[in-house]
Each structure stands twice: as structure tokens, then as C-alpha cells.
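Residue numbers for the sequence shown follow numbering that gives the first Met the number 0, beginning at 0 and rising by one.
Comments concern the structure below.
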Amino acid sequence: MKNTIAASLTLLFLVVSAQLKINGLSFVASNNIITNGAIQPVVNLHANWVSLMPFGFMKSESDTTIIYNSKRQWWGETKIGIAQTAIAFHDKKCQVMLKPQIWIQRGGFTGNISMITDRNWTAFENNYERFILDYAQVAADNSIEIFCIGTELNKFVVARPAFWKLLIAKIKNIYKGKITYAENWDTYKNVSFLVSLDYIGIDAYFPLSKDKTPSVKILRAAWQPLKNEITKLSLKYKKPILFTEFGYQSKDYAVDQPWNHQSNGNVNLSIQCYGLQALFAEFWTAKWFAGGFLWKWYDNNEQAGGSFDTDYTVQNKPAEKLVQKIYKKS
0 MKNTIAASLT LLFLVVSAQL KINGLSFVAS NNIITNGAIQ PVVNLHANWV
50 SLMPFGFMKS ESDTTIIYNS KRQWWGETKI GIAQTAIAFH DKKCQVMLKP
100 QIWIQRGGFT GNISMITDRN WTAFENNYER FILDYAQVAA DNSIEIFCIG
150 TELNKFVVAR PAFWKLLIAK IKNIYKGKIT YAENWDTYKN VSFLVSLDYI
200 GIDAYFPLSK DKTPSVKILR AAWQPLKNEI TKLSLKYKKP ILFTEFGYQS
250 KDYAVDQPWN HQSNGNVNLS IQCYGLQALF AEFWTAKWFA GGFLWKWYDN
300 NEQAGGSFDT DYTVQNKPAE KLVQKIYKKS
């Protein structure tokens, strides 16, 4: 039995090690046609992947309708915008993950999407399938390397496993690249179809410390039990782990609730650096770890971020140099 486990782990290590780390950025859609001026800063950071994220909009967590590829949306979220942006990044030897996801009005959480009746479930599933398959076709037409089939949809995933099994089969009829699914940090073990994915996707906003500015040493210690559980999941399914999103805001207490973009706090450039330094130290050298996509990066680089900004972006902050150093060597 031990020999079988060791052999499986060795095979997984060989597969992941043979590939370059996914040194990715979550590239925020622009309302303007992407130019070299928006792409060159990504290249300068030594990022070799970007995630493109077209949104579909719902009015509530129980709405059955998904509005997407609309004239009201920013150019970069439309099918034409995604295609042209992917081409522009490919021209710079940067690979692409396409990650269509849901946005719920008035701050609703996608993990709580649930329908009241079977009829509503069927209507919603038909609309979600159309949304995802449309973008799967965009991914296929533009040789996009990874397609993410959903993001943080825990209740939907748990309640309707048969739908997801069928959806994956339909996606694979259209798209021949790698697929993943991005589940939230606290529910990533609840996904029944991990065996059908190429990467186990986790939005890695794990809480690490309630301190205002904990040290890298404290943060690395906090990662140990979490890392052990993630490693076990990778071994169980013989799949590499991909952090489909990761990052920290540059504000006090940023590692307490990293997912909470509405939290209060003064500017704290150090904690953003410490959080990223600890994460890179724990995961970027792990052979079962494929890499990840830093949340987030804007096209208007000169105006983005800065020393007075508390957002997730590392642009024009000390953390940018840290990311550049890690991405350059890995």
C-alpha cells in the first residue's frame, strides 16, 4: 500500500515538475481595447499566465437569469473583448485561463446561490450551461490553455451533482484544453467532480492571523495545518493544486479575513508583503502545486495601486517587487 501511494505521489510530482509554475495574475477587464501599454507591465513582472474574468450578472441568489456579453458591460468582459485580449497576451508568450463567473447585485454571495423549486433549478441550470458553454467555445476558438467552469458556487455544486457531471462532459466536447473549478477556501473539499478536473482549484483566502501585522514566521506556522489538508487532497485525487485566486489587501489585519474586501483598516503595505512572502515560501516550491493567479491586476498600471491604496493589487507597492522576484526565478 505504501509503495502504491509513493508511486502515485512520484507520478504527480513528475507531471507538475515538468511544467513551469503558473505565475499568474487575475487581469481585470478593461473598457478599452488592450494595448501593449497594458500588457508590458505584466511581462515586466515575469508573469507567464493571466486569468480573464467575464462576468454574468444575477439580481439575487435565487434568480434564474444570467445576463452576460451585454452592450452595457465593459469591452474586456464581452466575447469579442476576451478573444482579442487573449490574442494580445498570447503574442507576448503569456498563457491564459478563462474564468467566467457570476456577480450578484447588492453584494450577494455566489456560494449561496440556490433555487426554491425544481422548475427554477432547471431554468437556472439551462442559463448557467449556456453562459459557460458560450465561453468554452471562446476558449476553444482562441486556444486558451485553461478553462475554469465555475467560481465559488458551493450550494449549487453540492445540491446538483448530476448537472455538473453532464456539464463537464458537454464542455469537453467543445474545449480540449485543461479544466478546473475554483472553490472557496472553506468549502474546497465539497466538490464531487474533482476526479474530472485537470487542476483542483482553490480561491486561497484562508484566515491566518488576527494580528494587525503578524510576522512571516507566524504566518508560515499558520499555514502548516492548512497546507497538510491541501496536500492530502492533491494526493487523494492525484491532481495538482491551483490557487485560482490568492492575495491580500494592503491594510491592517489583512490576513484575518483575506476574502473580505469591505473590511476597514488603515494602509499597511508591510502586511501585504508578509502575507505573500509566507504563501510563496510555503507553496511555490511544492512539487504538487501548479501555481496560482494573484488577485488582482489592472490595465492602467501607472494609475493603479500606489502607496495610499488598500486594495488587493500590488501595483506600485513594495509587494510588486516581491512578486516580480518570485515570478522571475520560478
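C-beta: ideal position from N, C-alpha, C; glycine also.
In this text the structure is predicted, and so the values were computed from the model without any measurement.
Whole-angstrom distance between residue j and residue i, CA atom to CA atom
| i | j | result |
| --- | --- | --- |
| Gly274 | Pro317 | 12 angstroms |
| Ala181 | Phe307 | 31 angstroms |
| Asn227 | Trp74 | 41 angstroms |
| Asp62 | Lys154 | 14 angstroms |
| Phe330 | Val194 | Because the chain is modelled from 0 through 329, residue 330 falls outside the range shown and cannot be assessed. |
| Ile217 | Asn267 | 17 angstroms |
| Glu386 | Thr109 | This structure cannot speak to residue 386, because the chain is shown only from 0 to 329. |
| Ala46 | Ala122 | 39 angstroms |
| Arg71 | Ala168 | 32 angstroms |
| Thr212 | Leu321 | 17 angstroms |
| Leu232 | Ile112 | 25 angstroms |
| Gln323 | Asn125 | 42 angstroms |
| Ile4 | Lys238 | The predicted model places Ile4 with a pLDDT of 47, which falls under 50 and marks its position as unreliable, so this point remains unresolved. |
| Ala344 | Thr34 | No answer is possible for residue 344: the residues shown for the chain start at 0 and end at 329. |
| Pro160 | Ile103 | 22 angstroms |
| Gln83 | Val95 | 12 angstroms |
| Asp185 | Asn315 | 31 angstroms |
| Glu319 | Ile79 | 30 angstroms |
| Leu13 | Leu196 | Here Leu13 scores only 48 on pLDDT, less than 50, and its place in the model should not be relied on; the value that follows carries that caveat. Going from the Cα of Leu13 to the Cα of Leu196 covers about 18 angstroms. |
| Ala285 | Ser191 | 25 angstroms |
| Leu225 | Phe162 | 30 angstroms |
| Asn189 | Trp296 | 29 angstroms |
| Arg105 | His89 | 36 angstroms |
| Tyr236 | Ser269 | 37 angstroms |
| Gln223 | Val313 | 25 angstroms |
| Glu301 | Pro206 | 31 angstroms |
| Ile178 | Gly305 | 34 angstroms |
Sequence-distant residues of its chain with Cβ nearer than 7 angstroms to residue i (five each side left out)
| i | result |
| --- | --- |
| Gly176 | Ala138, Ile143, Glu144, Ile145 and Phe146 |
| Val215 | Tyr273, Gln276 and Ala277 |
| Lys327 | His45 |
| Ile173 | Leu132, Ala135, Gln136 and Ala139 |
| Trp120 | Met114 and Arg159 |
| Lys250 | Gly264, Asn265, Val266, Asn267 and Thr309 |
| Lys330 | This structure cannot settle anything about residue 330, because the visible part of the chain is limited to 0 through 329. |
Cβ pair residue i, residue j closer than 9 angstroms
| i | j | result |
| --- | --- | --- |
| Tyr67 | Pro99 | yes |
| Ala289 | Ile325 | no |
| Ile86 | Asn43 | no |
| Pro53 | Ile81 | yes |
Same chain, Cβ closer than 8 angstroms to residue i, neighbours up to 5 away in sequence not counted
| i | result |
| --- | --- |
| Gln248 | Pro257, His260, Ser262, Gly264, Gln271, Thr309, Asp310 and Tyr311 |
| Phe245 | Asp202, Ala203, Tyr204, Leu278, Gly291, Phe292, Leu293 and Trp294 |
| Asn30 | Trp73, Trp74 and Gly75 |
| Trp283 | Lys20, Gly290, Ile325 and Ser329 |
| Gly107 | Met57, Ser59 and Glu60 |
| Cys93 | Ile38, Val41, Val42, Ala46, Asn47, Trp48 and Val49 |
| Arg219 | Ala277, Ala280 and Glu281 |
| Gly23 | Ala46, Asn47, Trp48, Val49, Ser50, Met96, Gly290, Gly291, Phe292 and Leu293 |
Of the listed residues the options, nearest to residue i (C-alpha basis)
| i | options | result |
| --- | --- | --- |
| Asp210 | Leu232, Lys327 and Tyr252 | Tyr252 |
| Phe26 | Phe130, Leu51 and Ile131 | Leu51 |
| Leu132 | Leu97, Gly107 and Asp255 | Leu97 |
| Tyr134 | Lys250, Leu166 and Ala37 | Leu166 |
| Asp255 | Ser208, Lys235 and Ala221 | Ser208 |
| Trp287 | Phe242, Tyr127 and Thr230 | Thr230 |
| Ala221 | Lys78, Glu281 and Asp197 | Glu281 |
| Val156 | Thr77, Lys235, Tyr187 and Pro53 | Tyr187 |
| Asn183 | Phe242, Ile79, Glu301 and Glu319 | Phe242 |
| Glu128 | Ser269, Leu225, Ile170 and Arg105 | Ile170 |
Residue i: CB within 8 angstroms of a non-hydrogen atom of the ligand COA
| i | result |
| --- | --- |
| Thr309 | Ligands in the displayed structure: none, and consequently the ligand COA is not present. |
Proximal residues to residue i (C-beta, below 6 angstroms), its chain only, five neighbours per side dropped
| i | result |
| --- | --- |
| Gly55 | Ile65, Tyr67, Ile101 and Phe130 |
| Asp298 | Ser29 and Ala37 |
| Lys91 | Ile38 and Val42 |
| Thr77 | Asn68 |
| Gly149 | Tyr180 |
Minimum Cβ-Cβ distance from residue i to chain C less than 9 angstroms
| i | result |
| --- | --- |
| Pro213 | The chain inventory of the structure shown lacks chain C, comprising one protein chain alone. |
**Request:** For the region 186–204 and the region 261–270, state whether three or more C-beta atom pairs, one from each stretch, are separated by less than 8 angstroms.
**Result:** no
**Request:** Mind the definition here: the region 18–28 touches the region 116–127 only if three or more C-beta pairs lie below 8 angstroms; say whether that holds.
**Result:** no
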